[in-house]
Each structure stands twice: as structure tokens, then as C-alpha cells.
Amino acid sequence: MSSASWSRKRNRTISERIAARQENEAYHPAPTPLGSEEADDRLVEVLDRVARGELSRRRAATEAATSRRTVQRSAEDRAELHGP
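Residue numbers (my numbering): -17 to 66.
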């Protein structure tokens, strides 16, 4: 089998696996990256809940699909919006 033929077969196999996975009801694509409007809105919402004491930073990171460090830095950057 030539390398070009093998490459086409491999790509076709990968495409079939991806399609099969997407058809699965349990399939969840990766979270929206920070910087997009949807992800930023989600982060702002959880940061507001953290500031009100309704949510821990750990739980906020999980809900926003980001790291605790990102939540911590964002909370520090937004501190002036929430007051003491």
C-alpha cells in the first residue's frame, strides 16, 4: 500500500470515528474557549455568584469550564465592580 493510499484510508477512518462519536447521545464537544462571547458571559455569571458567596471558586471553575486560577485572576480583576 502506498503512503498516499494509506493516508487517505487513515483520514477516512478518522472521519468515520468522529461521525460515529457525534451521533452518540453522550457526545459533548469541548467547551467554548475563553475569549468568545458565550464563554465570557458564562464566566461573568459565575464570578458574580462567587462575589455574592453563592459559589466557591472551585465550583465556578467547573461550571465555567476553566481553571481555578482563571477564576481567581478574573475575580481579582473584577473586584472593583463588586466592592469590599
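For each residue, glycine too, the CB sits at the ideal point set by N, CA and C.
Residue i and residue j closer than 8 Å at C-beta
| i | j | result |
| --- | --- | --- |
| residue 39 | residue 53 | yes |
| residue 8 | residue 29 | no |
Distance between residue j and residue i (C-alpha atoms, nearest Å)
| i | j | result |
| --- | --- | --- |
| residue 66 | residue 35 | Unreliable placement is indicated for residue 66, whose pLDDT of 47 sits below 50; the coordinate value is still reported in the next sentence. Straight-line Cα distance between these residues: approximately 13 Å. |
| residue -16 | residue 1 | 26 Å |
| residue -7 | residue 57 | 43 Å |
| residue -5 | residue 6 | 17 Å |
| residue 32 | residue -3 | 41 Å |
Nearest to residue i (by Cα), restricted to the options the options
| i | options | result |
| --- | --- | --- |
| residue 19 | 46, 6, 41 and 57 | 46 |
| residue 106 | 3, -14 and 48 | The question about residue 106 has no answer, for the chain in this structure spans -17 to 66. |
Residue i - containing alpha helix (DSSP H), residue span
| i | result |
| --- | --- |
| residue 49 | Where residue 49 is concerned, there is no enclosing alpha helix (DSSP H), given that its DSSP letter is neither H nor E. |
| residue -15 | -15 to 5 |
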